[in-house]
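Let me begin by presenting the structure, written as structure tokens, before commenting on it.
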Amino acid sequence: MSLLPISRCSSLFHAARSLACRCPRPLASCHCLLSVPSTAPFSSHFLSSSPVVFHSPTTAVTSIHWCHRRAFASQSTPSAPVPNSTNNTPAAAGGGGIGLYQRYEQWLQNYPALYKLHRLTVDGSKWCYSDLKTFFWLAYGLRKGRITLNDLNARELFIYIQAGSQLVKLSLLAALAVLPAGFPLIIISMLVSPKLVLTRHFWTDWQSQQFQMDDLRRNERKLFPRIVDALRQHNPSSAAALAALEQQLPLTVDQLVALQKSANIVPASLDAYTQQHRFFLKRVHNLPFWTTDGALLRHIKLMRLLDARMAADHAEDKVVDKLSVRELQTHLYLRNLNFSRMTVEQMRSALVQWLDHFKNPSSFDPLLYAHTLVLTQANSADLDRWRKKKGPSSSGTATADGTSSTTSSPLHRSSNSNFLQSLDNLEEWKRMGQRSAELAKRSADAVKPMLRKGTAMAAERLKEAGRAVKKATN
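If you read the sequence shown in full-length UniProt numbering, its first letter stands for residue 1, the second for the next number, and so on.
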């Protein structure tokens, strides 16, 4: 096939310049002889200064325009959470003058608590909009067939997975951020219910850690036992093998692979799972309850690709060692690896071990990958406690043939269940009390300076009014 050079006199050059008039890099590349295969318009040569030759005018125009838009959306996304940046000093606008917004920020600096909420709102809105923009450009390219999932790097996959699972909430927050009354509503949401209303973009480091650990503990105590128990009901032949190893939980990845080969404890098709089992899997993987089965399989595929990309990057450049604590916790949370009892070094080691096991996407069955985080972290104590709370029908010990035999009286099981339920309620009320006390303290810290200043101003106005009345009477 003959190659098509681009010259300044050709109509192709003018068409490309009109489409990419706001894009200096592709426009500059039009003055050169470029060389990119028509089958790979997203080659790394596009982002370099090397010459490009296109196979067809259509490929030239669309590739130049699309490559710039994707690069712009990807490069504008911050590599680290924006709300944690240390550069919070407002820059002067308009040459050396200070605008109204900068004066407003300078006035807010007199109240550190309010200024912190303001910075979280502003930086979180920018971060949210940037992730949303990147997600939509990647989704557009995937839908049009201009890129594939294999073309995405680790950071793009990370944004695509995170934004895709919270698309509705992100879109509402991005629309709310541009409304005149949007910022006050976001600030109120930060004080009232940041976990339910807002996304990670508007959380502090402490809030992000606490919210993620709460979800991980909930999954470990409530969802893991249900999934393990549901696996025993799918295949009677594998129920005996799984029941024999329930007392050895959690399993290692090697033990799980050997058990899968010998007894096939995890069915390879979603049709073999009950609707309740599928719902538990979606909740464990932090997907909305309305997610379809196809979306669940797509999420598993994306996670396996992300593991493979990060494993390759870590082998070359040790990217896991360069992650901040918050980024490290987010990566563990995305894989549902409980880090609540880990130090920073243990978290890095756990993530590296996970990536080492799944560096080859084709080595694991998708549904076995989905159950790995459950069977390698579930413990027999939580499973026994859940069965006691569930009722007498499932509170016995498993025999060799996979059946259940009762080991305690119904009265004893009922008392244990009530006692454990009361403990759970006490812990929940204790956590709610601590959160309410902390919220009240933050609100008081934010309001006290304003009340103090308002009281001083009111006293000064009263004094001035008194002096004016006294002067008028004299």
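Glycine included, C-beta positions come from ideal geometry on N, C-alpha and C.
Beta-carbon proximity of residue i to residue j, cut-off 7 Å
i      : j      : result
Val284 : Asn219 : yes
Lys389 : Ala311 : no
Met347 : Leu323 : no
Asp382 : Arg226 : no
Gln106 : Tyr115 : no
Asp293 : Leu259 : no
Ala370 : Leu281 : yes
Val352 : Val320 : yes
Leu149 : Leu305 : yes
Leu117 : Ile187 : yes
Thr134 : Ile161 : no
Ala272 : His299 : no
Leu373 : Val266 : no
His201 : Trp127 : yes
Asp384 : Ala268 : no
His277 : Ala350 : no
Backbone secondary structure at residue i - three-state DSSP
i      : result
Pro288 : coil
Ile161 : helix
Ile188 : helix
Gly145 : coil
Ser417 : With a pLDDT of only 43 at Ser417, under 50, the local geometry of the prediction cannot be trusted, and the value read off the model is given with reservation. Looking at Ser417 - three-state DSSP - the assignment turns out to be helix.
Ile265 : coil
Ala465 : helix
Asp365 : coil
Lys133 : helix
Ser193 : coil
Gly454 : helix
Ala378 : coil
Met342 : coil
Asn336 : coil
Gly99  : coil
Leu173 : helix
Leu179 : coil
His331 : helix
Thr121 : helix
Lys282 : helix
Pro225 : helix
Gly402 : With a pLDDT of 40 at Gly402, under the threshold of 50, the modelled position of this residue cannot be trusted, and the question is left open.
Thr473 : helix
Arg298 : helix
Asn110 : coil
His234 : coil
Proximity winner among the options, relative to residue i (alpha-carbon distances)
i      : options                        : result
Thr199 : Phe224, Thr148, Leu132, Leu216 : Leu132
Trp354 : Gln434, Arg341, His331, Pro366 : His331
Phe136 : Ala163, Leu120, Ser125, Leu152 : Ala163
Arg309 : Pro361, Leu142, Leu270, Gln275 : Pro361
Ala174 : Gly124, Tyr333, Ser262, Phe211 : Gly124
Ala437 : Lys126, Ala350, Leu191         : Leu191
Tyr333 : Leu179, Leu216, Val178         : Leu216
Phe211 : Ser340, Asp384, Asp365         : Ser340
Leu251 : Phe289, Val228, Asp307         : Val228
Leu296 : Ala468, Ser165, Ala113, Val253 : Ser165
Asp356 : Arg103, Val344, His314         : His314
Ser189 : Ser443, Glu464, Lys318, Leu462 : Ser443
Pro112 : Arg103, Ala446, Arg385, Leu152 : Ala446
Gln248 : Lys463, Thr376, Arg435, Leu462 : Thr376
Arg155 : Val253, Asp307, Trp206, Arg232 : Asp307
Ala263 : Leu196, Thr274, Arg232         : Arg232
Environment of residue i [buried if 16+ CB atoms lie within 10 Å]
i      : result
Asn338 : buried
Leu157 : buried
Ile147 : buried
Met432 : exposed
Val52  : Low confidence applies here, because Val52 scores a pLDDT of 41, under 50, leaving its location unreliable and the question unanswered by this model.
Met450 : exposed
Met303 : buried
Ala458 : exposed
Asn336 : buried
Ser208 : buried
Arg387 : buried
Val178 : exposed
Ser130 : buried
Trp206 : exposed
Leu138 : buried
Val122 : buried
Closer than 7 Å to chain B by CB, residue i
i      : result
His234 : This model lacks chain B altogether; it includes just one protein chain.
Proximity test, residue i beta-carbon vs the ligand HEM heavy atom, cut-off 6 Å
i      : result
Phe364 : Ligands displayed in this structure: none; no statement on the ligand HEM is therefore possible.
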